[in-house]
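*Asks:*
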Amino acid sequence: MRIDHGAYGQGLTLSGYKGAAVRTIALAKNLNIIIDELGIDYLNDLRRAKGRDDGYAEWTETPIDIADLQRTSPKDAAVLAALQKRCDGQQDQIFYCDGLKRAKKSPGLFFTHGDGRIVILEPKKLEMHVAFAGPYTGSR
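Here the sequence shown is numbered in the numbering used here, starting from 107 and rising by one per residue.
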């Protein structure tokens with residue numbers, strides 16, 4: 107996926123992980139047009155183009171099914187819960203909290219998870235939020 111510039115973010119508190127954090131990555135201009143046109147097929151084709159299993163689930167459109175995530179991937183659900191806790195505990199608005207709120211309740215965003223990482227893609231805002239447990243290598 108093409109990006110516009112580097113990531114910015116902040117730490118998360120996640121029991122058992124010293125390096126838990128969230129990063130927001132600005133996507134390349136006009137990528138929203140491609141995603142609007144090709145949708146989820148474009149995102150999943152990018153995954154398959156790597157030619158190997160990258161450890162992530164297939165992209166799905168939001169809203170996130172939290173109960174299913176807790177059942178199928180407890181580590182990823184814990185990362186999502188830490189992200190939500192961070193948003194709930196803030197009086198000032200944090201850059202990724204609006205995206206998380208929309209991803210939990212509304213269609214139009216995309217979501218994948220795996221290996222202690224949660225990725226929420228906001229095509230209209232040209233942003234991708236990556237919450238993770240442990241060191242972030244930037245690989246996908």
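Built from N, CA and C at the ideal position, the CB exists for glycine as well.
Give the C-beta separation of L215 and G205 to the nearest angstrom, bearing in mind that I take them to be a contact with Cβ-Cβ under 8 Å.
*Replies:* Yes, they are in contact, since the Cβ atoms of L215 and G205 sit about 7 Å apart, within 8 Å.
*Asks:* Which same chain residues end up closer than 7 Å to A163 when comparing Cβ atoms and leaving out the 5 residues on each side of it in sequence?
*Replies:* Within the same chain, A163 has close Cβ partners T218, H219, G220.
*Asks:* Quick check: what's the CA-CA separation for E143 versus K191?
*Replies:* Each residue's alpha carbon lies about 34 Å from the other.
*Asks:* According to DSSP, which residues form a beta bridge with V185?
*Replies:* In DSSP, V185 forms no bridge with anything.
*Asks:* Hey, I131 and V185: beta-carbon distance below 9 Å or not?
*Replies:* Cβ atoms of I131 and V185: not closer than 9 Å.
*Asks:* Could you tell me the alpha carbon to alpha carbon distance between K135 and K230, rounded to whole angstroms?
*Replies:* Whole-angstrom Cα-Cα distance: 10 Å.
*Asks:* For the beta strand (DSSP E) that G205 lies in, which residues bound it at each end?
*Replies:* G205 -> not in any beta strand (DSSP E); alpha helix (DSSP H) instead, spanning 203-211.
*Asks:* How would you call A209, buried or exposed, if buried means at least 16 neighbouring beta carbons within 10 angstroms?
*Replies:* Burial call: buried.
*Asks:* With C-beta atoms as the reference, is I139 less than 9 Å away from L149?
*Replies:* No, Cβ-Cβ distance for I139 and L149 is not below 9 Å.
*Asks:* Going by the DSSP bridge assignment, what does G220 pair with across the sheet?
*Replies:* DSSP output for G220 lists R223 as bridge partner(s).
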